[in-house]
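Heads up: take any position in the sequence shown, counting from 1, add 1011, and you land on the working numbering. For every residue, glycine included, the Cβ atom is placed at its ideal position computed from N, Cα and C. A quick write-up on the structure given underneath.
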Amino acid sequence: MDLRSARSALLLFPRLFAVYVCLAFVLFSSAQPPLPIPPVLTGTDIQLTLQEGTWEFHPDEVVPTYGYNGDLLGPTIMLDQGQAVTLNVTNTLPDLTTTHWHGMHVSPMNDGGPHSLIYPNTTWSPSFTVLDRASTFWYHPHGHGLTDYQVTMGAAGMIIVRDALEAALVLPRTYAIDDIPLILQTKAIVGGMLSVHTGLDSVVVVNGARQPLAEVPAQVVRLRCLNGSSERTFHLGFENDMPFHVIGTDGGLLAAPLPKTRLRLMPGERVELLVDLSGMQGGTFSMIAFNSELPNGIIGAAEVGNGMATLDGYNDNALNGADFQLLSFSVTAPTSDPITSIPAEFVPVLPYNEADADLTRSFTFTPEGTMPMEMIEGPFEINGALMDMDVFNEVVPLGSTEIWEFTNNTMVGHPIHIHDIQFNILDRSGMPPEDWETGWKDVVYVPSMGSARVITRFDDFADPEMPYMYHCHLLMHEDEGMMGQFLVIDPNAIGETKAGQRTMHVWPQPFSNGRLNLRTALLNGNLNVVLRDAFGRIVHVSTANFTEGSAGIYPSQLAPGLYAVQILSRDGQLHSATFIVQP
Ligand code: C2O
Ligand code: CU
Ligand code: CU
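Structure representation (structure tokens):
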């Protein structure tokens, strides 16, 4: 037997085992737990308490967990577009955390990224107006290096935003009756503890219950699916290839329903589906991850690494490359006022136009190391750097329309997420995106050794000091540094200084040539000064000798426009300011 066939013989056993496990669940469906439904929180003042708890994933196996307002996961937050809301997040964990409103268009201060740390036994209370379209978002911790562990422990919840356009459509929207939240995850339990060694994930959970059973009425039903896994992609479909309609993606409804039998949902992504169960009363059916059909290179497929190498333990995980059940449904009597047909049109999607782009920003992913193993496992760099909390990698002018181009020179596919905005996918490795991906998205699949381009606009929120994040949503990649920071700055707010030591004064303004004066508290000695143009490109680097916070630099001729000056002090603080150059 050669090596290759020996390996495939080894592969066969776990696959057969997975099929056997699925069959066992179908045959003994009475053993299935019921689908838990997260409670709903509404109103203008919402309290979330992140706490420790315990959960029984297997009968008689109690493991320590985290949850918001409970032992695992968190309530569904239901918001209306245009309303004001204050979200009070109290951290009772023995650890730092943050809470990020994934997908929502909020200011950097309210976004809950890694700079908005919530210390133990304190409360963070962002307050904002909901600007988003009707969509399915989610919330989860986002502390740098802490995300995978805290999400794995169970901290995550769904956010449903409603708006008037969606409300005018004849769509199922009775929560838990014909509008069902489904948080799809796999978990690794090692030695009685949830583990971030996600390669060992063997427990398939929906809303925290292992391959549960949901009761749904015999009519049109809406399923809001969120892939909340750390790494695993699900190639969604139903038993017997039952068709479904995709009606919405990460950031809103599609223009019209799209009939499909399969859909690839990567970590961080959401999709809203309709299934028509009219006349099916008394029947049952399952939602399946048809992961035998995933292309190699996506975590969850039969193979990652293109035969060069593979992740530790990958081939021993029975779920990889296998089809397995996520949950099953038992169809009950229709409700008194059922929805029985699927509207032909929803709301127009007006995508950004490539011709309106002010620039293209390029991001290239490479492994930090050069061994074949590191091509698959990471850490992965973006434009040659790992995440650094003190470096603003990009500076985006408020109001600009930009194409972000992601090139993946690694052996795994990455779901890339951008905070603040929703985008449209222009293309993937030069080909049009899939039909269901043509609406609003905040996560894009960038295939192994391939690329993707997205277009968006950075409106409404600018902050010269607090950045937004962009990152891979495979949580181990994110925690290991496959993340960068961008500032959105308002060219018209020049000269405004903010309280705090890190703000610098720059004069004369406007600047043309000669000496550019810098003054900031605390700095002394020789420090590097970096100038970036409005597109974030470095245009000047020099060393300046600071005396009691003051120094001058002599940049060579700068083109008219907006610039940022940045200095990293020896204590790791980033000092920054913006200035304008005029001829
Ligand atoms: Cu869902 Cu930056 O995260
Ligand atoms: Cu996000
Ligand atoms: Cu990644």
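Query: By alpha-carbon positions, which one of Gly1525, Leu1529, Asn1524 ends up nearest to Trp1518?; Result: Leu1529
Query: Suppose contacts are defined by Cβ-Cβ distances below 7 Å. Is Pro1044 in contact with Ala1167 by that definition?; Result: no
Query: Short check: CB of Leu1046 to CB of Asn1218, under 7 Å?; Result: yes
Query: Is Val1162 helix, strand or coil when you go by DSSP?; Result: helix
Query: What number of angstroms, rounded off, separates the C-alpha of Ala1266 from the C-alpha of Phe1434?; Result: 15 Å
Query: Is any non-hydrogen atom of ligand 2 found closer than 6 Å to the C-beta of His1430, if you look at the structure I gave you?; Result: yes
Query: Going by the DSSP bridge assignment, what does Trp1112 pair with across the sheet?; Result: Tyr1150
Query: Compare the C-alpha of Val1457 against each of His1482, Glu1314, Arg1468, Thr1467 and name the closest.; Result: His1482
Query: By Cβ distance below 8 Å, which residues in the same chain neighbour Tyr1565 in space, the five residues on each side in sequence not counted?; Result: Gly1525, Arg1526, Leu1527, Ser1553
Query: Relative to the C-alpha of Thr1065, which residue among Asp1056, Ile1057, Asn1080, Gly1054 is closest?; Result: Asn1080
Query: Between which two residues does the beta strand (DSSP E) holding Glu1413 run?; Result: 1412-1419
Query: Might you give, ordered along the chain, the residues of its own chain that have their beta carbon closer than 8 Å to the beta carbon of Ser1136, omitting 5 neighbours on each side?; Result: Thr1097, Leu1098, Asn1099, Val1100
Query: Closest to Val1407 by CA distance: which of Asp1323, Asn1326, Arg1144, Pro1475 is it?; Result: Pro1475
Query: What is the DSSP secondary structure of Ala1588, counted as helix, strand or coil?; Result: strand
Query: Pick from Glu1072, Asp1212, Thr1134, Leu1338: whose alpha carbon is nearest that of Asn1328?; Result: Asp1212
Query: For the stretch 1189-1207 and the stretch 1239-1246, state whether three or more C-beta atom pairs, one from each stretch, are separated by less than 8 Å.; Result: yes
Query: Which complete beta strand (DSSP E) runs does the stretch 1328-1366 hold, if anything under 3 residues is left out?; Result: 1334-1343
Query: Could you have a look at Glu1448 and say whether DSSP puts it in helix, strand or coil?; Result: helix
Query: In angstroms with no decimal places, state the Cα-to-Cα distance between His1246 and Asp1122.; Result: 30 Å
Query: Just how far apart, CA to CA, sit Gly1259 and Pro1105?; Result: 38 Å
Query: Of all residues in the structure, which have a C-beta closer than 5 Å to any heavy atom of ligand 3, taken in chain order?; Result: His1425, Cys1483, Leu1485, His1488
Query: Would you give the residue range spanned by the alpha helix (DSSP H) that Ala1267 belongs to?; Result: No alpha helix (DSSP H) contains Ala1267, which is instead part of the beta strand (DSSP E) from 1263-1271.
Query: What do you get for Ala1035, buried or exposed, if any count of 16 or more other CB atoms within 10 angstroms of its CB means buried?; Result: For Ala1035, the pLDDT reaches just 45, beneath the cut-off of 50, and the residue's location in the model is therefore unreliable, leaving the point undetermined.
Query: Can you name the residues that DSSP bridges to Ile1188?; Result: Beta-bridge pairing links Ile1188 to no other residue.
Query: From the DSSP output, read off the bridge partner residues of Tyr1079.; Result: Leu1061
Query: Threshold first: 4 residues or longer. Then list the alpha helix (DSSP H) segments lying entirely within the stretch 1466-1532, N to C.; Result: 1486-1490
Query: Thinking Thr1244 and Met1298 are a contact (beta carbons under 8 Å), I'd like their distance in whole angstroms, please.; Result: Wrong, their Cβ atoms sit about 15 Å apart, outside the cutoff.
Query: So, helix, strand or coil for Ile966, using DSSP?; Result: Missing from the structure shown is residue 966; the chain here goes from 1012 to 1594 and no further.
Query: What is the DSSP secondary structure of Asn1404, reduced to helix, strand or coil?; Result: coil
Query: Quick check on DSSP: helix, strand or coil for Leu1211?; Result: helix
Query: Here's the rule: buried if 16 or more other CB atoms are within 10 angstroms of the residue's CB, otherwise exposed. What is Gly1114?; Result: buried
Query: Quick check on the DSSP output: the beta strand (DSSP E) that includes Leu1090 runs from which residue to which?; Result: 1087-1091
Query: Applying the criterion that 16 or more other CB atoms from any shown protein chain within 10 Å of the CB defines a buried residue, is Tyr1325 buried or exposed?; Result: buried
Query: Among the residues of its own chain, which have a CB less than 8 Å from the CB of Ser1561, if the five just before and after it don't count?; Result: Asn1528, Leu1529, Arg1530
Query: Cβ-heavy atom distance between His1113 and ligand 2 below 6 Å?; Result: yes
Query: Check whether the stretch 1341-1355 touches the stretch 1378-1394, taking contact to mean three or more Cβ pairs, one atom from each stretch, closer than 8 Å.; Result: no
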